[in-house]
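Here the structure is laid out as structure tokens; the discussion comes afterwards.
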Amino acid sequence: MSLKEKVDTAIKEAMRAQDKIRLTALRAIKSQILLAETEKGAAENGILTTDADLKLLNKSAKQRRESAAIYREQFRSDLEAQEVAELAIIEEFLPAQLDAGELRVRLVEIIRRVGAAGPSDLGKVMGVAARELSGQADGRAISQAVNDLLSNTDF
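Here numbering that gives the first Met the number 0 is used: position 21 in the sequence shown is 20, and no number is missing along the way.
Structure follows, in structure tokens:
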């Protein structure tokens with residue numbers, strides 16, 4: 000079942016349950032899917048690939064996280080709560096995120112495979128890590144962990 004079909008099913012369920020926050024978040028996801036499908040050259044036969052679906056969901060989740068942080072700084076707890084609720088709904092459609100320990104183990108494997116020796120090899124490691132771990136960890140967390148591991152060469 001494609002992401003679009005899953006979202007459509009979830010929208011119907013949210014409508015039946017009269018869950019307005021869930022419905023708003025799901026409609027936002029569907030809108031992004033439809034926009035991505037109609038972009039010139041973005042989708043093959045009007046259908047998004049799973050990679051494109053993941054990028055779309057990650058982008059949406061990142062927007063919600065950043066908005067929630069801004070609202071928190073502005074002491075707008077009402078808007079922050081809405082963004083956090085929508086983020087939780089979006090994360091239901093994302094694959095499970097790696098915790099810090101699992102991320103470190105996967106990055107050590109990648110560093111050894113690439114043959115990185117120090118901080119000067121950051122670009123090589125990040126290229127491979129970003130591809131292999133997309134959707135499983137936040138890019139900022141990957142970058143920070145790679146930086147720490149390459150600075151500490153005794154892993």
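All C-beta atoms in this analysis are idealised placements derived from N, C-alpha and C, irrespective of residue type, glycine included.
Would Met14 be called buried (16 or more neighbouring beta carbons within 10 Å of its own) or exposed? Classification for Met14: exposed.
Which first and last residues belong to the alpha helix (DSSP H) in which Thr49 is found? Thr49 -> alpha helix (DSSP H) spans Thr49 to Glu72.
Between which two residues does the alpha helix (DSSP H) carrying Ala13 extend? Membership of Ala13 in the alpha helix (DSSP H) is indicated by the continuous run Leu2 to Ala16.
Below 7 Å CB to CB, which residues in the same chain sit around Tyr70 once its five sequence neighbours on both sides are set aside? If you ignore the 5 residues before and after Tyr70, its C-beta comes within less than 7 Å of the C-beta of Leu78, Glu79 and Glu82, all in its own chain and listed in chain order.
Is the segment 59-68 close to the segment 85-96, with three or more CB pairs under 8 Å? Per the Cβ contact rule, the segment 59-68 is in contact with the segment 85-96 (3 or more Cβ pairs under 8 Å).
Got a sec? Which residues, its chain only, sit under 8 Å from Leu47 by beta carbon, not counting five neighbours each side? Around Leu47: Ser1, Leu2, Lys3, Ile32, Ala35, Glu36, Ala41 and Leu55.
Kindly list the residues whose CB is nearer than 6 Å to the CB of Leu102, restricted to its own chain and excluding five residues on each side of it in sequence; keep chain order. Once the five neighbours on either side are set aside, the close Cβ partners of Leu102 are Ala136 and Ala144.
Using only the alpha-carbon positions, how far apart do Ile20 and Leu97 sit? Cα-Cα distance, rounded: 27 Å.
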